[in-house]
Amino acid sequence: MFASVVIPTYNRLPILEKCLTALENQALAGELEAYEVVVVDDGSTDGTLDWLRDEATRFPHVRMVKQEHGGPAEGRNRGVDHARGDLIVFIDSDLVVTESFLACHARALRKSWQRRGDRLSFTYGAVINTANFEQPTKEPHKIQDNSWAYFATGNVAIDREVLERSGLFDTSFRLYGWEDLELGERLRQMGVELVKCPEAVGYHWHPALRLEQVPDLIRIERERARMGLVFYRKHPTRRVRFIIQFTWLHRLLWEVLTIGGMINERSMRPFLALLIRRGYPGLAMELLRLPLNRIGVRALYKEAALAGLH
Numbered sequence: 009m010f011a012s013v014v015i016p017t018y019n020r021l022p023i024l025e026k027c028l029t030a031l032e033n034q035a036l037a038g039e040l041e042a043y044e045v046v047v048v049d050d051g052s053t054d055g056t057l058d059w060l061r062d063e064a065t066r067f068p069h070v071r072m073v074k075q076e077h078g079g080p081a082e083g084r085n086r087g088v089d090h091a092r093g094d095l096i097v098f099i100d101s102d103l104v105v106t107e108s109f110l111a112c113h114a115r116a117l118r119k120s121w122q123r124r125g126d127r128l129s130f131t132y133g134a135v136i137n138t139a140n141f142e143q144p145t146k147e148p149h150k151i152q153d154n155s156w157a158y159f160a161t162g163n164v165a166i167d168r169e170v171l172e173r174s175g176l177f178d179t180s181f182r183l184y185g186w187e188d189l190e191l192g193e194r195l196r197q198m199g200v201e202l203v204k205c206p207e208a209v210g211y212h213w214h215p216a217l218r219l220e221q222v223p224d225l226i227r228i229e230r231e232r233a234r235m236g237l238v239f240y241r242k243h244p245t246r247r248v249r250f251i252i253q254f255t256w257l258h259r260l261l262w263e264v265l266t267i268g269g270m271i272n273e274r275s276m277r278p279f280l281a282l283l284i285r286r287g288y289p290g291l292a293m294e295l296l297r298l299p300l301n302r303i304g305v306r307a308l309y310k311e312a313a314l315a316g317l318h
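Using this note's numbering, you'd call the opening residue of the sequence shown number 9 and step up by one each time.
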């Protein structure tokens, strides 16, 4: 089995270096003969391309692909086009993996294929969120690290032929969000099975919350709302409505929990600042999710009204 790790990246140079360093230290098992790392630079402006060229000898497994800024869906498709492996592994450029990462994915997939008698399955590894940039792998697993997503490209491995048969990623998802879960819906319709692989661990670096980030977080929620409608148009099902929070239940939930918007990013600012000063940025981020969810759901319904969707 030959694995191609596909990584789209955009202005993530400091953490990308840690990501690629970890991938150079993979311990191969019997199921995995060799691997490569296909890095697709999505029009970065932070010197990523020059750095990759200058550091090529440090990363012999890395192959570099460049494109104009087109988003992660286009980047992943381009990476698959350039990949040589029969196994495709998707991770994000801010993920730092353990030495057994690829071997665990390969072992779990091989067992699944043998059990099923076909290759209609993919493995989903563990993603542990951390704000520890210097030592991301020191972070313990937390309850909030658990995910119920079906196909989240932060840490998945899939047979190349099965992936290509699905049609790859829809490049109409050019803003933030949902392009991987939309592909997941098509894989589900093909009967592709999700196989949990918690041994394939990746540490996802998120910088600790700063109040200066709040406008960008609000922008992301509004982009997710727009892409959520792209998702729903392709798959107008009750399941997708729940995934993107396009239901009266979600609308009521976030209105109630924010007291109709009285609890918002402005009213919470002094309390969030206090939590951050006292060393609890993680708790501050969890509380900020209340108004962020309300903003996202309201933006979704506004976009739906403009599009004539109900």
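All C-beta atoms, glycine included, are put in the ideal place defined by N, C-alpha and C.
Please report how far the alpha carbon of residue i lies from the alpha carbon of residue j, in whole angstroms.
i       : j       : result
Ala-114 : Glu-41  : 10 Å
Asn-33  : His-149 : 22 Å
Gly-323 : Tyr-309 : The requested residue 323 is not part of the displayed model; the chain covers only 9 to 318.
Trp-59  : Leu-314 : 44 Å
Pro-299 : Leu-260 : 13 Å
Arg-306 : Gly-79  : 24 Å
Arg-218 : Ile-284 : 7 Å
Val-200 : Asp-126 : 10 Å
Gly-93  : Pro-278 : 51 Å
Leu-171 : Ala-37  : 23 Å
Leu-183 : Arg-234 : 8 Å
Thr-17  : Ala-30  : 16 Å
Pro-244 : Ile-251 : 11 Å
Gly-268 : Phe-130 : 41 Å
Leu-257 : Asp-62  : 53 Å
Phe-67  : Pro-289 : 34 Å
Glu-39  : Arg-232 : 38 Å
Ala-111 : Ala-165 : 11 Å
Lys-146 : Ala-216 : 15 Å
Asp-89  : Asp-54  : 25 Å
Arg-249 : Lys-242 : 12 Å
Ala-77  : Cys-205 : As written in the sequence, residue 77 is His, which differs from the Ala given in the question. Using only the alpha carbons, I get a separation of about 32 Å.
Asn-137 : Glu-169 : 31 Å
Arg-118 : Tyr-43  : 16 Å
Trp-262 : Pro-22  : 36 Å
Ala-81  : Ile-271 : 35 Å
Arg-286 : Ser-101 : 30 Å
Val-135 : Ala-312 : 32 Å
Asp-224 : Asn-163 : 24 Å
Taking C-beta to C-beta, are residue i and residue j nearer than 8 Å?
i       : j       : result
Val-45  : Val-73  : no
Leu-24  : Thr-56  : yes
Ala-11  : Val-97  : yes
Ser-174 : Leu-195 : yes
Met-276 : Leu-291 : no
Glu-229 : Ile-303 : yes
Ala-116 : His-214 : no
Can you tell me whether residue i is buried or exposed? The criterion is at least 16 other CB atoms within 10 Å of its CB, across all chains shown.
i       : result
Ser-5   : As displayed, the chain neither begins before 9 nor continues past 318, which places residue 5 out of reach and without an answer.
Gly-87  : buried
Gln-253 : buried
Arg-123 : exposed
Met-198 : exposed
Gly-133 : buried
Gly-83  : buried
Arg-227 : exposed
Ala-35  : exposed
His-318 : exposed
Arg-20  : buried
Asn-154 : exposed
Val-264 : exposed
Ala-281 : exposed
Pro-144 : buried
Met-9   : buried
Thr-266 : buried
Thr-161 : buried
Just confirm the distance between the C-beta atoms of residue i and residue j, as a whole number of angstroms; I'd bet it's less than 8 Å.
i       : j       : result
Leu-95  : Asp-167 : 7 Å
Gly-192 : Phe-159 : 3 Å
Leu-128 : Cys-27  : Contact doesn't hold; Cβ gap of about 29 Å is too wide.
Asn-85  : Phe-177 : 5 Å
Val-203 : Ile-99  : Not a contact, Cβ separation roughly 17 Å.
Glu-294 : Val-222 : The Cβ separation is near 14 Å, so there is no contact.
Val-48  : Gln-75  : 6 Å
Is any beta-carbon of chain C found at less than 8 Å from that of residue i?
i      : result
Arg-84 : Reference to chain C is not applicable here, since this structure consists of a single protein chain.
Could you tell me whether the stretch 105-112 touches the stretch 203-214, where touching means 3 or more Cβ pairs closer than 8 Å? Contact holds: three or more Cβ-Cβ distances are below 8 Å.
So, do the stretch 232-244 and the stretch 175-188 have three or more beta carbon pairs nearer to each other than 8 Å? Put simply, the stretch 232-244 touches the stretch 175-188. At least three CB pairs are less than 8 Å apart.
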